[in-house]
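**Q**
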Amino acid sequence: MPPGFGRYDATTTMILRPPMAPKKPRYWLVKSEPDVFGFADLAAAPGATTRWDGVRNHQAKLFLRDGMQAGDGVLYYHSNADPSGVAGVAEVVGDAYADPTQFDPASPYFDPKAKPAAPTWFARDLRAVAALSRFVPLAQLKAAGKLASMAVVQRGSRLSVTPVTPLEWREVRRLGGL
DNA sequence: GCCAACGTTGGC
DNA sequence: GCCAACGTTGGC
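Taken in order, the first sequence gives residues 18 to 195; the numbers are from the numbering used here.
1) Give me the residue from Y114, S177, A156 and G88 with the minimum Cα distance to P42.
2) Can we say the region 170 to 186 touches the region 43 to 60, given the rule of at least three CB pairs closer than 8 Å?
3) Does the region 89 to 104 come within contact of the region 48 to 61, defined as at least 3 CB pairs closer than 8 Å?
4) Measure the alpha-carbon distance for K163 versus T67 and round it to whole angstroms.
5) Can at least three beta-carbon pairs, one atom from the region 123 to 135 and one from the region 151 to 158, be found at a separation below 8 Å?
6) Please go through the same chain and pick out, in chain order, the residues whose beta-carbon is closer than 8 Å to the beta-carbon of T174, but skip the five residues on each side of it.
7) In terms of alpha-carbon separation, which member of G193, Q119 and W138 lies closest to P229?
8) Apart from the five residues just before and just after G111, which ones in its own chain have a Cβ nearer than 7 Å to its Cβ?
9) Taking the C-alpha atoms as reference points, what is the distance between E188 and V72?
10) Taking Cβ positions, are A113 and R82 nearer each other than 8 Å?
11) Excluding the 5 residues preceding and the 5 following V146 in the sequence, name in chain order all residues of the same chain whose CB lies nearer than 7 Å to its CB.
12) Alpha carbon to alpha carbon, how far is P117 from L92? Give it in angstroms, no decimals.
13) Output the distance between the C-alpha atoms of Q171 and L59, rounded to the nearest integer angstrom.
14) Using the rule of at least 16 other Cβ atoms within 10 Å of the residue's Cβ for burial, across every protein chain shown, is L184 buried or exposed?
15) Between which two residues does the alpha helix (DSSP H) harbouring P51 extend?
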C-alpha cells in the first residue's frame with residue numbers, strides 16, 4: 018500500500034460520494050377502491066395528479082411521510098374490486114405536507130384531535146405514469162413466487178400504503194406488460 | 001352480502 | 001394496562 022493512501026482515499030470518497038448524491042428510488046403500493054377513485058380517475062385528473070389524503074393509520078402515515086421521496090415508483094392497486102389487482106403505475110410528486118382533511122369538520126376524514134401546529138396526518142401528491150398493458154389480478158400476484166413477501170398478498174393485510182422491493186417492482190411491471 | 005382479520009375505543 | 005365491544009377493510 019503506497020504512503021499517503023489514507024489521504025488519497027478520503028479525497029476520492031469526497032469525489033465519488035458528494036453530499037448531494039441522488040437518493041436511490043424506492044417503490045410503494047397504494048390501495049384505492051376503483052368505485053371511489055381508480056387508476057383511470059388518476060390518469061384523467063388535471064396533470065394526472067391527485068392529493069393522496071385520508072390515510073388514517075399510523076404505520077401507513079409513516080411510509081407516506083417519512084419513507085416516500087419525490088420520484089418514487091408507486092403500484093396503483095384496486096381493492097374491493099372485481100377483480101382486485103394492480104392497474105397502473107404512478108409516481109410520488111414533491112414532499113409530504115399536512116393533510117388538510119384532518120382540519121375540515123365537513124370531511125369524513127376530520128380528526129377533532131389534530132392540531133394545525135402539529136398535524137397528525139399527512140398527504141402526498143401522486144401522478145399517473147402509465148396504465149399496465151395487462152391488469153394484474155390479485156390471484157396472479159399470489160401465484161408469482163417472487164411476490165410471496167408482498168404485503169398485499171398476505172392474509173388479512175389492510176395497510177393502504179406499503180413498501181415494495183425493487184425486485185417486486187420489476188416483476189409486477191413485467192407481469193403487467195410494462 | 002358474508003364474514004375473517006384487524007385496528008381503535010373506552011370502561012374498568 | 002387489560003380486553004370486550006365495535007367499526008372498518010377487503011377477499012370471496
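For every residue, glycine included, the Cβ atom is placed at its ideal position computed from N, Cα and C. As the structure is a prediction and not an experimental result, all values here were calculated from the model.
**A** Reading off the structure:
1) Counted from its first residue, the first sequence places residue 42 at position 25. Ranking Y114, S177, A156 and G88 by Cα distance to P42 puts G88 first.
2) yes
3) The answer is yes - the region 48 to 61 touches the region 89 to 104, with three or more Cβ pairs under 8 Å.
4) Residue 163 sits at position 146 when you count from the first residue of the first sequence. Residue 67 sits at position 50 when you count from the first residue of the first sequence. When the Cα atoms are used, K163 and T67 turn out to be separated by approximately 31 Å.
5) Too few Cβ pairs lie closer than 8 Å, so no.
6) Position 157 of the first sequence, counted from the first residue, corresponds to residue 174. According to the sequence shown, residue 174 is Ser rather than Thr. Within its own chain, the residues whose Cβ lies closer than 8 Å to the Cβ of S174, once the five positions on either side in sequence are excluded, are A168, listed in chain order.
7) Given a span of 18 to 195 for the chain in the structure shown, any question on residue 229 remains unanswerable.
8) Reading the first sequence from its first residue, position 94 is the one you call residue 111. Correct list, in chain order: A87 and D142.
9) As a first step, residue 188 must be located in the first sequence, where it is residue number 171. As a first step, residue 72 must be located in the first sequence, where it is residue number 55. Their Cα atoms are separated by approximately 27 Å.
10) By one-based count along the first sequence, residue 113 stands at place 96. By one-based count along the first sequence, residue 82 stands at place 65. Against a cut-off of 8 Å, the Cβ pair of R82 and A113 comes out as a contact.
11) What you label residue 146 is simply residue 129 of the first sequence in a count that begins at 1. Residues V106, A107 and E108 of the same chain have their beta carbon placed closer than 7 Å to that of V146, with the five preceding and five following residues left out of the count.
12) To locate residue 92, count along the first sequence from 1; it is residue 75. To locate residue 117, count along the first sequence from 1; it is residue 100. The alpha-carbon atoms of L92 and P117 are separated by roughly 24 Å.
13) For the purposes of this step, residue 171 is identified with residue 154 of the first sequence, where counting begins at 1. For the purposes of this step, residue 59 is identified with residue 42 of the first sequence, where counting begins at 1. Straight-line Cα distance between these residues: approximately 26 Å.
14) In the first sequence, the residue the question calls residue 184 occupies position 167. So L184 counts as exposed.
15) As a first step, residue 51 must be located in the first sequence, where it is residue number 34. Here the alpha helix (DSSP H) through P51 covers P51 to F54.
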